[in-house]
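Report on the structure given below.
In our numbering, the protein residues as written are 49 to 243.
Have a look at this one:
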């Protein structure tokens with residue numbers, strides 16, 4: 049399975065995103081998702097979204113060989129672990145799909161308990177570095193039209209809106225929501241810096 053690199057900077061020639069500053073430092077690591085992690089990931093997915101991915105989405109992504117990577121952190125003193133993975137806090141995860149000269153971000157999720165701490169940007173930095181290492185020149189993603197916090201994050205990161213997919217996302221039993229299509233040219237972007 050193609051996986052994002054480990055959190056060892058020496059494997060990236062010294063290039064690796066710097067974790068966000070936090071009041072209390074937390075050691076983190078990336079790890080490829082395994083089927084044994086499915087329950088914890090699905091539990092977090094349900095807490096994070098009104099319309100979560102199903103277990104089947106994750107199983108299909110793993111079966112297709114897509115990189116599915118977990119961001120794990122050491123538990124802080126007194127922290128309650130809702131769905132621990134390897135005895136650590138599941139801070140977030142992402143699912144990507146490699147194409148010819150491009151990578152498509154399929155899912156990026158940060159635990160609701162750890163939002164607004166810089167972890168989404170940290171995940172994007174890791175994805176951008178990995179994508180460059182795969183020879184990709186562009187990152188693509190879709191985001192719900194109503195998800196203004198995510199759209200703002202992607203725009204600050206350097207993604208540009210390039211299209212609209214009408215009725216792309218389910219939004220209730222009979223309703224659909226548009227998706228904003230965004231892209232990021234990796235050749236003009238340094239991880240964590242908008243062009």
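Note that beta-carbon positions come from the ideal geometry of N, C-alpha and C, so glycine has one too.
None of these values were measured; they are calculated from a predicted model.
Open item on the list: Looking at the secondary structure, which residues open and close the alpha helix (DSSP H) in which residue 107 lies?
Closed with: Within the chain shown, numbered from 1, the residue matching residue 107 stands at position 59. From DSSP, the alpha helix (DSSP H) with residue 107 extends over 103-111.
Taking only three categories from DSSP, how would you classify residue 93?
Mapped onto the chain shown, residue 93 falls at position 45. It is helical.
Which residue spans inside the stretch 130-159 form an unbroken beta strand (DSSP E) run of at least 3?
137-146, 150-158
So, helix, strand or coil for residue 231, using DSSP? By one-based count along the chain shown, residue 231 stands at place 183. Residue 231 falls in the strand class under three-state DSSP.
- Message: Once the 5 residues before and after residue 234 are set aside, which same chain residues still bring their CB inside 7 Å of it?
- Response: Position 186 of the chain shown, counted from the start, is the residue given in the question as residue 234. Around residue 234: 176, 179, 180, 184, 185, 186, 187.
- Task: Find the nearest neighbour of residue 126 within the set 222, 133, 137, 159, judged by alpha-carbon distance.
- Result: On the chain shown, residue 126 is found 78 positions in, with the first residue counted as 1. Of the listed residues, the one whose Cα sits closest to residue 126 is 137.
- Residues in its own chain within less than 6 Å of residue 90 by CB, not counting five upstream and five downstream? Here the question's residue 90 lines up with position 42 in the chain shown. Here the set comprises 103.
Just the Cα atoms here: how many angstroms apart are residue 70 and residue 78? For the purposes of this step, residue 70 is taken as the residue at position 22 of the chain shown. For the purposes of this step, residue 78 is taken as the residue at position 30 of the chain shown. Caution applies to residue 70, whose pLDDT of 48 falls short of 50 and renders its modelled position unreliable; the value that the coordinates give is listed next. Residue 70 and residue 78: Cα-Cα distance of roughly 18 Å.
Cβ separation of residue 190 and residue 229, assumed to be a contact under 8 Å, to the nearest whole Å: The residue you call residue 190 lines up with position 142 of the chain shown. The residue you call residue 229 lines up with position 181 of the chain shown. Rounded, the Cβ-Cβ distance is 6 Å, consistent with contact.
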